[in-house]
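Right, one structure below, let's go through it.
Numbering (mature numbering (1 follows the signal peptide of the UniProt record, and there is no 0)), first residue to last: -19 to -1, 1 to 697.
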């Protein structure tokens, strides 16, 4: 098969060696061609798909977040039938007909919150076809959306209409370039009125510029009237129709060169007056070619577009689409397609400065290469160059890279990334359910990012790893608990949000369908927190483990570092009682023994102790061992004064009586105040596991309840 020989290569090197055949010359000393936007690679979400995607899906969020910073364009043909409705006081709104899509305020908030969490900026395409009788734009509905957005502190940028040059085809109407320019001026004034003066306006989002003199004239006339109101001039580009596309079309150099032809037309008209944005683009229009546009076959056009548009001075391009139809970066299950991997690699290593790279071949050459400054990274420093490109031939090609080689430079330094159909491993492995190799790949990738100080990216790959662990239905093992704790430690404390998300998902995976987590995972996580001297969190996770010895050693260090002398017994008492509430009798006993034997103030393995509360705990553990209810009752009565030192002790003992002696719960009585509520929540959270007598069963209370209690009650 021809496709097997095709390959894409991205090579990050500070210089190059020599080969033979086609010659490329790199001249990093010359003036940069262009500097593109930091948001250069952006994505679109089509308005026809409003309400279709699941914006609560955590994997969707993470894979979009990995591509930030970028624009998240909400637009498309049906942008011109969208009407905003504030549904704050409405029970139900009919959201869709063939000729209208209702954008509700509640859904708008959901979309914008997703964008905020993902770290992307919305570019919203307003409806241009709400027209007055004289043909001018009726801005009333747009103003409602703008006002609502300002009231909710939503920052974004704006477009007005989609592909006005072909309204006669899509909506059987027309808007002249002069009228559209007036409409854009009106939008600019409206945004300024609502303190959106720093928001960009982008337009006119034409379907094509250059297929005839009429389209060129339309753009010129629009700019003559609206150039001062817009930040960037935008147009759309597709190579061919998805309805008729063949595999050969995706590899035809004539189509590759078509992009350069059209781009030069646009930049020639715009000149230096405005930025140029390719505001909607993919391989082919009409929603893409089924079975082709979302495959590796289309990745050649995509990678070439990323290099060629930057070389030609396009400041930013928007990929149609992030999800949905036949050309998405993410599939219907929110997993990455081939072009997502191209995009993430480009985002991580390709910088914004475009460097001249010339060749001595023809336009029909099969090897196409581009050069830009690399993003600064600890692996290669801040003066590296990244060269990326593709080979369209059905056989290997040799070429020369020259211009900055030096005899005193180690020519072995460099990083090579080669992308082939076989390296779309995530989708391939998930499809084959080859979870073992996929888990290893994601773990090693996460380690690589974290060791290179790419904390956010490493954490995101770690979250994908946990997602695969869940999909594979793997039960929690000591090995994976240790590996996840290694990633947790490497993420570090600076990236608290990413770290917390990672930990929540890790505990969820290890919980085996209940509201609990694997004691082994908690033990490893506790050690990480202890190494960081975060005693509260270390204590919390040790309580959820079965490691009584290290829990006791932590408590000793915690008490001697942060506690008062009068609290020596309190530190161990609360831990022992909470272990017992979790039916973790062996660990409770182990914690008590290790604590009393090793605390420098106690140094005693058994009673009598000088502190009454320690005597109570020793006798309590004996009573539970012998299952003597009467002894338990007498102990609670005789040591009542000591137990009253902490208001939660008696509630813990009520629970212990129920678990170990079958006592009935006392009459429902909520404790007073916030602290009492936390205790009640902690005790109620134990109900799920109260029937499990096997201490080896992996399970502990959910962090959402006990974590609050432990942080509040540690030093009472």
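C-beta: ideal position from N, C-alpha, C; glycine also.
Classification of residue i by the beta-carbon crowding that lies within 10 angstroms, buried from 16 upward
i	result
residue 305	buried
residue 547	exposed
residue 622	exposed
residue 198	exposed
residue 69	exposed
residue 165	buried
residue 500	buried
residue 414	exposed
residue 174	exposed
residue -4	Confidence at residue -4 is low in this model, with a pLDDT of 29, below 50, so the placement of that residue should be treated as unreliable; the coordinate-derived value is given next. Buried, because 16 or more other Cβ atoms sit within 10 Å of the Cβ of residue -4.
residue 700	In this structure the chain extends from -19 to 697, so residue 700 is not present and cannot be described.
residue 550	buried
residue 275	buried
residue 564	buried
residue 311	buried
residue 589	exposed
residue 264	buried
residue 567	exposed
residue 545	exposed
residue 647	exposed
residue 81	exposed
Nearest-angstrom Cβ-Cβ length linking residue i and residue j, presumed shorter than 8 Å
i	j	result
residue 332	residue 246	The pair is not a contact, with the Cβ atoms about 27 Å apart (cut-off 8 Å).
residue 160	residue 116	6 Å
residue 292	residue 240	Incorrect: roughly 11 Å between the Cβ atoms, too far for contact.
residue 140	residue 106	4 Å
residue 416	residue 453	4 Å
residue 419	residue 449	5 Å
Which listed residue (the options) has its alpha carbon closest to that of residue i
i	options	result
residue 152	91, 162, 110, 243	110
residue 277	231, 512, 159, 569	231
residue 258	627, 265, 52	52
residue 637	605, 364, 225, 627	605
residue 100	124, 24, 30, 71	24
residue 26	93, 423, 67	93
residue 149	487, 58, 133, 244	58
residue 167	155, 136, 211	211
residue 531	543, 512, 544, 545	512
residue 517	497, 498, 542	542
residue 268	292, 71, 220	220
residue 237	370, 325, 563	370
residue 22	120, 303, 112, 105	303
residue 428	419, 416, 417, 442	442
residue 473	81, 463, 444, 431	431
residue 43	377, 481, 438, 449	438
residue 350	284, 325, 364, 178	284
residue 176	226, 348, 124	124
residue 229	178, 375, 327, 510	375
residue 722	137, 325, 145	Absent from the structure is residue 722, since the part of the chain shown begins at -19 and ends at 697.
residue 54	83, 95, 315	95
residue 138	169, 114, 326, 337	169
residue 322	112, 313, 309	309
residue 348	194, 47, 377, 497	377
residue 301	279, 288, 289, 294	279
residue 6	208, 462, 368, 129	368
Residues sharing a beta bridge with residue i, DSSP
i	result
residue 101	Paired residue(s): none; residue 101 is not in a bridge.
residue 265	221
residue 107	141
residue 511	Looking at the DSSP assignment, residue 511 forms no beta bridge with any residue, so it has no partner.
residue 256	213
residue 118	112
residue 348	372
residue 283	Bridge partners of residue 283: none, in fact.
residue 56	27
residue 65	84
residue 300	24, 262
residue 311	304, 317
residue 234	In DSSP, residue 234 forms no bridge with anything.
residue 185	215
residue 77	82
residue 15	335
Three or more C-beta pairs below 8 Å linking the segment 526 to 540 and the segment 616 to 623: no
Cβ contact (3+ pairs, closer than 8 Å) linking the segment 53 to 70 and the segment 333 to 352: no
Any 3 or more C-beta pairs closer than 8 Å across the segment 346 to 365 and the segment 38 to 48: no
Stretch pair the segment 482 to 494 + the segment 448 to 466: three plus CB contacts closer than 8 Å: yes
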